[in-house]
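Below: one structure, written as structure tokens.
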Amino acid sequence: MQIRQSTADDAPAIHAVHTAAFRAHNPDVTGEMPEAKLVAELTADGDLLPALSLVALRDGEVIGHACSSPGRLDDDPDSAIGFGPLGVLPAHHRGGTGSALVHATIGAANALGYGLIVLLGDPGYYSRFGFVLAEKLGVTPPVPEWAPHFQALPLAAYNPGNRGAFRYAAAFDRL
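When we follow UniProt numbering, the leftmost residue of the sequence shown carries the number 1, and every step to the right adds one.
Here you go:
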């Protein structure tokens with residue numbers, strides 16, 4: 001498996017990955033999957049962080065994608081990022097692709113000097129990477145009902161004084 005930064009040419013494959021990955025978990029949803037639409041809107045808005053839009057390839061085929069976008073933690077627009085969506089083609093589930101993309105994202109975000117990664121996801125999955133419920137760090141989700149799944153990972157540049165409400169990029173509000 002190879003992981004690299006995505007390119008504009010990867011857009012159709014990335015859309016297909018998120019469509020297939022999330023349709024497998026939500027077979028009753030008709031039409032475009034919200035996660036695929038979110039990636040397209042983040043890209044159109046210029047909010048997909050290029051250095052943190054990563055694809056996993058196997059035999060030259062895009063089999064997974066992870067992306068991040070700028071976030072705002074209280075009045076600080078620079079220290080935190082929102083991670084996701086993360087998608088892997090169903091045929092490649094449980095093969096380490098998702099884990100590799102999460103590890104690559106964490107390493108790149110750390111190298112870029114971000115202090116905190118936040119996400120909305122399954123604590124059973126993301127806790128293995130060091131994510132904790134965001135409320136333990138004093139970070140609150142944009143939607144209070146998200147709290148049981150709203151997680152954060154402090155990085156090397158983390159400042160414990162950075163607390164408060166987290167806001168995702170505008171595309172998340174349009175879901």
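Note that beta-carbon positions come from the ideal geometry of N, C-alpha and C, so glycine has one too. Here the structure is a predicted model, which is why all the values come from computation and not from measurement.
Through-space distance from residue 49 to residue 169, alpha-carbon basis: In the sequence shown, the residue the question calls residue 169 occupies position 169. In the sequence shown, the residue the question calls residue 49 occupies position 49. In this model, residue 169 and residue 49 are separated by some 11 Å (Cα to Cα).
The segment 147 to 156 / the segment 14 to 21 touching (three or more Cβ pairs under 8 Å): Cβ pair count under 8 Å is below three, so no.
Whole runs of the alpha helix (DSSP H) within the segment 121 to 148, excluding any shorter than 4 residues: Listed in chain order, the complete alpha helix (DSSP H) runs (minimum 4 residues) inside the segment 121 to 148 are 123 to 126.
Sufficient close CB pairs (3 or more, under 8 Å) joining the segment 54 to 66 to the segment 1 to 14: Judged by Cβ distances under 8 Å, the segment 54 to 66 makes contact with the segment 1 to 14, as three or more pairs qualify.
Contacts around residue 131, its chain only, beta-carbon distance under 6 Å, and the 5 residues preceding and following it disregarded: Along the sequence shown, read from residue 1 onward, the residue named residue 131 stands at position 131. Cβ within range, chain order: 151, 153.
Neighbour-count burial assignment, residue 171, 16 or more Cβ in a 10 Å radius: Locating residue 171 in the sequence shown gives position 171, where the first residue counts as 1. Around the CB of residue 171, 16 or more other CB atoms lie within 10 Å, so the residue is classed as buried.
Residue 163: first and last residue of the uninterrupted beta strand (DSSP E) it sits in: Your numbering for residue 163 matches position 163 in the sequence shown. First-last for residue 163: undefined, no H or E at that position.
Neighbour-count burial assignment, residue 47, 16 or more Cβ in a 10 Å radius: Sequence index remark: in the sequence shown, residue 47 carries index 47 (1-based). Around the Cβ of residue 47, a 10 Å sphere holds 16 or more other Cβ atoms; the residue is buried.
Residue range of the unbroken alpha helix (DSSP H) whose run includes residue 8: Counted from its first residue, the sequence shown places residue 8 at position 8. If you look at residue 8, you'll find it isn't in any alpha helix (DSSP H); DSSP assigns it neither H nor E.
Run of the alpha helix (DSSP H) containing residue 99, from where it starts to where it stops: For the purposes of this step, residue 99 is taken as the residue at position 99 of the sequence shown. Unbroken alpha helix (DSSP H) run through residue 99: 97 to 111.
Option in 70, 38, 77, 53 with minimal Cα separation from residue 9: Sequence index remark: in the sequence shown, residue 9 carries index 9 (1-based). The candidate whose alpha carbon is nearest that of residue 9 is 53.
Spatial distance of residue 93 from residue 106 (CA atoms): Your numbering for residue 93 matches position 93 in the sequence shown. Your numbering for residue 106 matches position 106 in the sequence shown. If you take the alpha carbons of residue 93 and residue 106, they lie about 20 Å apart.
Stretch-stretch touch, CB-based, cutoff 8 Å, three pairs: the segment 126 to 140 with the segment 26 to 36: Contact between the segment 126 to 140 and the segment 26 to 36 is absent, because fewer than three Cβ pairs lie under 8 Å.
Close Cβ partners of residue 98 (< 7 Å) along its chain, the five nearest in sequence each way excluded: Within the sequence shown, the letter at position 98 stands for residue 98. Same-chain partners within the cutoff: 64, 86, 88.
Extent of the continuous alpha helix (DSSP H) run through residue 44: In the sequence shown, the residue the question calls residue 44 occupies position 44. Note, residue 44: alpha helix (DSSP H), 34 to 45.
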